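Throughout, the working numbering is defined as the position within the sequence shown, counted from one, plus 7. Below: the structure, in structure tokens.
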Amino acid sequence: MPELPEVERARRLVESVAVGRTITDVRCADDRIVFVDIAPRTMARRLRGRTIVASHRRGKQMWWELDERPWPLFHFGMTGQFVTPGQGPLRLAASGNKPLDRDWPPRFWKIHLWFDDGTELAMTNARRLGRIRLQTDPEREDPIARLGFDPLYAMPTAAELTQRLQARKAVLKALLLDQSFAAGIGNWMADEILYQAKIDPRRRGNSLTDVEAKRIHAKTQAIVRKACAVDADKTRFPRSWLFHHRWGKDAEARTDRGAKIEHIEIGGRTTAWVPSVQQ
């Protein structure tokens with residue numbers, strides 16, 4: 008699933024190709040699952056002629072500020088992303104080793120837009136788990152209103168995060184995945200944070216020492232910043248990251264240093280961790 012870095016990449020793409028430009032035409036796929044509480048035809052009509060003023064993101068949610076309200080809100084689900092003719096799709100974990108769709112327009116487009124300078128932009132969503140909404144004030148409406156802090160834009164101080172973690176009885180892996188606690192952290196990022204912080208994912212927030220909680224703060228900030236700095240390109244993640252070795256529930260999986268990786272279920276999610284490192 009696209010996590011914070013992938014959605015930030017999409018936000019930046021929109022910022023670079025669409026902000027300041029007027030939408031001259033729109034077509035929306037006739038998909039009443041992806042389009043929430045609005046008919047696709049109505050969505051197209053409401054966007055046509057509007058100018059994109061800014062591209063925003065909180066956690067895994069992205070919205071566009073237009074010259075008039077209402078504004079569109081996008082969630083990518085498992086496989087969604089924005090693409091242009093000049094910038095093809097990013098390989099996601101859900102893509103596996105299948106060839107990427109480099110056709111234009113892409114096969115699984117859900118919304119396709121044209122701008123006054125000739126630029127085109129499309130959101131794809133092969134598994135139909137993404138959502139597109141039209142809202143008057145996205146930041147103050149659900150789902151964004153229920154989200155916790157954004158680790159890139161609004162990271163708490165080390166002291167503040169320590170206090171928040173220690174106040175929770177929840178299992179740490181589940182807590183990091185709770186979007187009302189921290190917006191944008193998904194499965195691989197939660198595993199990476201706890202691995203690099205050397206914390207057992209089964210621990211509870213209220214069991215953490217100040218030093219341990221501050222390690223989680225430091226690693227969360229470092230991992231998010233690095234993943235966004237390389238535009239979510241997994242081939243550019245540091246080779247020491249657990250990310251490169253965690254997939255597939257491989258019983259023989261090892262870290263780059265040869266430590267054994269184990270896979271367990273926490274809160275219904277597969278968790279990769281390294282018992283010899285994480286205490």
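Yeah, the Cβ is synthetic: ideal placement off N, Cα and C, and Gly gets one too. The structure presented is a predicted model; accordingly, all values stated were derived computationally and were not measured.
Between which residues of its own chain and residue i is the CB-CB distance below 7 Å, once the five residues before and five after are set aside?
i	result
G66	L11, L154, D157, Q186, A190, G191
R243	V237
R134	G84, M85, T86
T262	L249, H252, I268, V281
V41	K117, N132, R135, G137, R138, I139
E72	V60, A61, H63, W78
M162	F156, Q228
If I follow the unbroken alpha helix (DSSP H) through residue i, where does it start and stop?
i	result
K226	217-236
W195	194-204
S62	Segment 59-65 is the beta strand (DSSP E) holding S62; no alpha helix (DSSP H) there.
L73	Looking at the DSSP string, L73 is not in any alpha helix (DSSP H); the run it does join, the beta strand (DSSP E), is 68-73.
E292	No information on residue 292 is available, as it lies outside the stretch 8 to 286 that the chain covers here.
K180	179-184
Hey, out of the options, whose CA is closest to residue i's CA?
i	options	result
K256	I268, I40, R264	I268
L80	T86, D74, Q88, Q68	Q68
L179	R34, T49, R39, G274	G274
A36	V24, M50, R28	M50
T31	H119, V43, P106	H119
A100	G265, T277, K241, E15	K241
A25	D74, K105, D108, L159	D74
Ignore the nearest five residues each way along the sequence and tell me which others in residue i's own chain have a CB closer than 6 Å to its CB.
i	result
W116	A129, T131
L171	Sequence inspection shows Arg at residue 171; the Leu mentioned does not correspond to that position. Around R171: no qualifying Cβ.
L136	G84, M85
I151	R65, Q68, P145
R222	A204
A234	P12
I45	L141
P9	F83
E148	Q142
L54	I30, V33
L182	R175, F188, G212
K260	Sequence check: residue 260 is Ala here, not Lys. These residues qualify, in order along the chain: H252, I268.
Which residue comes first and which comes last in the beta strand (DSSP E) that contains residue i?
i	result
R6	This structure cannot speak to residue 6, because the chain is shown only from 8 to 286.
R48	It is not in any beta strand (DSSP E) - R48 instead sits in the alpha helix (DSSP H) that spans 47-54.
V4	The chain is shown only over 8 to 286; residue 4 falls outside these bounds and no answer can be derived.
R276	276-280
H270	269-273
Excluding the 5 residues flanking residue i on each side, which residues of the same chain have their C-beta closer than 8 Å to its C-beta?
i	result
P113	V90, P96, A129, T131
R109	G95, P96
Using a Cβ cut-off of 8 Å (strictly closer), state whether residue i contacts chain D.
i	result
R210	Included in the structure is just one protein chain, with no chain D present.
Runs of beta strand (DSSP E) lying entirely within the region 79-113, each at least 3 residues, in chain order: Counting only runs of 3 or more, we get 88-90.
Segments assigned alpha helix (DSSP H), at least 4 residues, entirely inside the region 104-174: Counting whole runs of 4 or more residues, the region 104-174 contains the alpha helix (DSSP H) stretches 165-173.
Segment contact flag, the region 202-210 with the region 274-285, C-beta cutoff 8 Å, min 3 pairs: Contact between the region 202-210 and the region 274-285 is present, with at least three C-beta pairs closer than 8 Å.
Segment contact, 8 Å Cβ cut-off, at least three pairs: the region 142-154 with the region 119-126: The answer is no - the region 119-126 does not touch the region 142-154, with fewer than three Cβ pairs under 8 Å.
Touching by the beta-carbon criterion (3+ pairs, under 8 Å), the region 17-24 and the region 43-58: No contact exists between the region 17-24 and the region 43-58.
Three-pair Cβ contact test at 8 Å for the region 212-223 versus the region 173-182: Contact between the region 212-223 and the region 173-182 is present, because at least three Cβ pairs lie under 8 Å.
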